[in-house]
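Notes to accompany the following structure.
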Amino acid sequence: MTEDLTPAEAYAAARARNAEQATALAPFREMYEFGLDPFQIEACQALEAGKGVLVAAPTGSGKTIVGEFAVHLALLQGRKCFYTTPIKALSNQKYADLVKRYGPGKVGLLTGDNSINGDAPIIVMTTEVLRNMLYAGSQALSGLGYVVMDEVHYLSDRFRGAVWEEVIIHLPESVTLVSLSATVSNAEEFGDWLDTVRGDTEVIVSESRPVPLWQHVLAGRRMYDLFEEETDHGGRAASRREVNPDLMRLARTENTRTYNPRERRRGKMVREADRERERRQRSRIWTPGRPEVIERLDAEGLLPAITFIFSRAACEAAVQQCLYAGLRLNDDDARERVREIVEERTASIPTEDLHVLGYYEWLEALERGIAAHHAGMLPTFKEVVEELFVRGLVKAVFATETLALGINMPARSVVLEKLVKWNGEQHADITPGEYTQLTGRAGRRGIDVEGHAVVLWQRGLDPGHLAGLAGTRTYPLRSSFKPSYNMAVNLVDQFGRHRSRELLETSFAQFQADRSVVGISRQVQKNEEGLEGYKAGMTCHLGDFEEYARLRRDLKDRETELAKQGAAQRRVQAAASLEKLKPGDVIHVPTGKFAGLALVLDPGIPAGRTNGHRGFEHHDGPRPLVLTAERQVKRLASIDFPTPVEAMERMRIPKSFNPRSPQSRRDLASALRTKAGHINPERHRRDRSPAADDREIARLRTALRAHPCHGCDEREDHARWAERYHRLQRDTRQLERRIEGRTNTIARTFDRIVALLTELDYLRGDDVTDNGKRLARLYGELDLLASECLREGVWEGLNPAELAACVSALVYEARQADDAVAPKLPTGKAKAALGEMVRIWGRLDALEEEFRIHQAEGVGQREPDLGFAWAAHQWASDRGLDEVLREAEMPAGDFVRWCKQVIDVLGQIAAAAPKENSTVAKNARKAVDSLLRGVVAYSSVT
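Going by this note's numbering, 207 is the number at position 197 of the sequence shown; the sequence numbering is gapless.
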């Protein structure tokens, strides 16, 4: 090619090469065996030019190269670089990578569990650690030149996202920020905000995957391509993105089929030939079993694979199913290597704990190349699975979605069993962003030519919906930033109230809210123009038609209100009548599918109806179990009784009656018809309508008839324009309220928090009191509750195990709320202290209500959860792992994770507690030592 250049072009190319050789990027590129992609080069060049960068690119595309270049620049310039990650596992992984490149002397690690070489020029840390350093004014910040924020899209996480924005806002201006994000649709908006708060920031977006991704649906024995051949699989939508017509045809056929093999025609059997034909047709489209899917992928050379199952128990069950099916994916050499690695990595685990942890079953699956991966597993076990998978010694992993959150564990194929998952409140469809994150694991750069995403066929699957998930490669980044009590005292301490308020108004949350107001304001202007036109249309020459229309609306609203009151009263009367029913009452069900004669078997009044426990109320009323005259036993609901019901007769229910026995039902139904079949039920007489005697309705009707516009020939035309005017005016007022609500929202929340903290003597104007300085050292969801407990001496006199039990209530949250069962608690002082903590929380909750601080908005103190108190107390009391896990009914991984969080908060309490005339600080440190043993201790080792 060079001989085709003119002398001038050759000279220019030589100068460009020489210029590039003089940059820091040139030697950095030589450290990698592969060439850098254009987006990586562009980002690195922007960094070297002194700009901050936001890099948004798909999972597995190599975004971290840009972060590693920031490390390279920092070392060249004799400055520090902090590399932050959202999770400890990712911090450990990145620490190991950087140590391998630069040596242990130059790299440190700071997480909640570990502190290694904290004075090194390169420090890998979790984002929370950096936030705490910024508020504490740590000396480690001196000489800081670069901060890499890996997985910065975490700032949309509703629980932890605020930390990312706090760091971005509070970093010194001299620090260059490197933000690495998944592909988000509003990267430019996020970049504009970074430009505002951090200065010159280059936004680099890459939507192309380094390894093409093929999308499939596995139905029965056939693997269908989701898209036709013309589709571009590289990540960016092609001009033709047609769903495979064979798949569409299959979905139409299967989803409309109503055949039931047990169905019988009246008078004759379904012919055997029909059933055989149906069996042959159905045999093409079953949902394959888990071992069958792995065998199919293995046969087609699509392993290693990660199968995402949105349930921990289902992940473990999947491994067992593969073992029972005799699946073996490793040869003898691989099995031997697996055993060597596993034994080396688990050597520190006491022998007596191995059986409790299910070690031998886990090892057997690993030797066969099969494993589960979820948050309930012991961290050591998860790390071993990750290592073996990367080495190719585990070829099939069944995982929950937590695996997709950043750790480097790519596969050739990703399998999704279902497109629905439990989000903590309900079963919901996964979003395009979640689908992209999960399938982004498919395709290993430098190893695989292509990656494969396989969705298993399920009845009701819509290929069009799946294509929408697969075709939407980006999702919007939404701020979850909310001020907290700890944040407020730290900000006021550093900047004063006025400056703190201004800082919070620079948050991404407020930036997005302000931008959204622009569009709403335009809509308000359009609506106001429309109102003028509607007002002209309803003008009446006889009088003020707006006043007349208001009378009509008031009349209609009053009639609707009275009708609702009447319906509610009838429902109350019906519910009261149901509560009076007794077993053996013969009633007439007035409406519904089971209308007619019925015998009450059980009145169905819930035992907990009057239970006042927070969060438990019975809203449906009595649900009587009845036997109908047609021999059906059914549980009825209040909807079946729009009017009150009374017993028409009484019958004895034989003690031998079995509702599951057809003969018992037949005999009792026959007796019912004999006993009461001749009785005609009394028809419920409706009461006189409340509207007939209502004075307000009478007044409005009189005023309406007396109004001049009532006699207008065009009255109804005017009324239609008036109704449109009223609706548009109502919509406009709602939009204006939205504008008002979105303007300065963060600052207003901050003002309310500051007012409450002033009331509690944590703040006095711009001064932070001693109470406030204590609160400034406490980070967590229940920071204010912890501070109040210290102030009131709730934990004084507790021994280390009792203190651990109390502190657990500040961090623990049950995966599923269970208000019906009271948690087991330690006795004595610990139980009394826990009760006092709940009392203090109740006082704070009332105070938050007074100051309009609402948990629904992500601000405020949730109720402490006592569900881990017993387990924490027992473990800190030196009880065995088997006993503690059995009584806690908790997986080892969850137990270790909660213990670590308790240890973290105990450390904060030790630092914040009074140093004089107090035992809390000393016992908090002892509690840390008591908890940090056995599985908890060896799970904290990198």
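Quick reminder that beta carbons are idealized off the backbone N, C-alpha and C, glycines included.
- Separation of residue 916 from residue 935, as counted between CA atoms: 7 Å
- Query: Based on Cα-Cα distance, which residue from 869, 860, 899 and 858 lies nearest to residue 877?
  - Reply: 899
- Item | Sheet register partners of residue 189 (DSSP bridge) | 64 and 159
- Look up residue 604 in the DSSP assignment and say whether it is helix, strand or coil. coil
- Start-to-end residues for the beta strand (DSSP E) that takes in residue 595: 595-599
- Message: Can you find the residues in the same chain that come closer than 6 Å, C-beta to C-beta, to residue 451, ignoring five residues on each side of it along the sequence?
- Response: 316, 420, 421 and 424
- Task: Could you pull the start and end residues of the alpha helix (DSSP H) that residue 94 belongs to?
- Result: No alpha helix (DSSP H) holds residue 94; the beta strand (DSSP E) holding it covers 90-95.
- Query: If you follow the beta strand (DSSP E) that residue 423 is part of, which residue opens it and which one closes it?
  - Reply: 423-426
- If you follow the alpha helix (DSSP H) that residue 883 is part of, which residue opens it and which one closes it? 879-886
- Message: Mapping the DSSP letters down to three states, classify residue 311 as helix, strand or coil.
- Response: coil
- Task: Return helix, strand or coil for residue 638, following the three-state DSSP convention.
- Result: strand
- Message: Assuming the contact rule is C-beta atoms closer than 8 Å, residue 177 and residue 140 should be a hit. Round their C-beta distance to whole Å, please.
- Response: 5 Å
- Item | For residue 375 and residue 803, the rounded distance between their alpha carbons | 51 Å
- Task: Throw me the rounded Cβ distance for the residue 186 and residue 46 pair, which I believe falls under 8 Å.
- Result: Not quite, the Cβ-Cβ distance comes to about 19 Å (not below 8 Å), so this is no contact.
- Tell me, please, whether the segment 862-874 touches the segment 887-905 by the rule of three or more beta-carbon pairs shorter than 8 Å. no
- Query: Looking at the unbroken alpha helix (DSSP H) that takes in residue 918, where does it start and where does it end?
  - Reply: 902-922
- Task: Would you kindly report the start and end of the unbroken alpha helix (DSSP H) that includes residue 369?
- Result: 369-377
- Please look up how many angstroms separate the CB atoms of residue 154 and residue 79, rounded, as I've assumed it's under 8 Å. About 17 Å; that fails the 8 Å criterion.
- Message: Using the three-state DSSP reduction, which class does residue 225 fall into: helix, strand or coil?
- Response: strand
- Query: Taking three-plus beta-carbon pairs below 8 Å as touching, is the segment 578-597 in contact with the segment 725-742?
  - Reply: no
- Task: Spatial neighbours of residue 807 within its chain, please: CB distance less than 7 Å, with the 5 preceding and 5 following residues excluded, ordered by chain position.
- Result: 839 and 929
- Query: residue 502 and residue 785: beta carbons closer than 8 Å?
  - Reply: no
- Item | Beta-carbon proximity list for residue 663, same chain, < 8 Å, skipping 5 on both sides | 593, 594, 609, 611 and 678
- Below 7 Å CB to CB, which residues in the same chain sit around residue 791 once its five sequence neighbours on both sides are set aside? 872
- Which residue spans inside the segment 782-817 form an unbroken alpha helix (DSSP H) run of at least 4? 793-801
- Helix, strand or coil for residue 38 per DSSP? helix
- Query: So, residue 99 versus residue 192, is the Cβ gap smaller than 8 Å?
  - Reply: no
- Message: Tell me the residue span of the alpha helix (DSSP H) that contains residue 466.
- Response: Where residue 466 is concerned, there is no enclosing alpha helix (DSSP H), although the beta strand (DSSP E) it sits in stretches over 461-466.
- Item | Per-residue DSSP class, three states only, for residue 230 | coil
- Message: Within a Cβ cutoff of 6 Å, which residues of the same chain sit near residue 491, ignoring the five residues on either side of it in sequence?
- Response: 172, 175, 517 and 519
- Residue nearest to residue 966 in terms of C-alpha spacing, selected from 642, 202, 650 and 684: Any answer about residue 966 is impossible in this case: the structure gives the chain only from 11 up to 952.
- Message: Below 8 Å on the Cβ atoms is my contact criterion, and I expect residue 131 with residue 116 to pass it. Report the Cβ-Cβ distance as a whole number of Å.
- Response: 6 Å
- Item | Identity of the residues DSSP links to residue 214 by a beta bridge | 65
- Task: Kindly indicate which residue of 769, 607 and 647 has the alpha-carbon position closest to the one of residue 691.
- Result: 607
- Message: With H, G and I counted as helix, E and B as strand and the rest as coil, what does DSSP make of residue 143?
- Response: helix
- Item | Residues bridged to residue 237 [DSSP beta-bridge criterion] | 253
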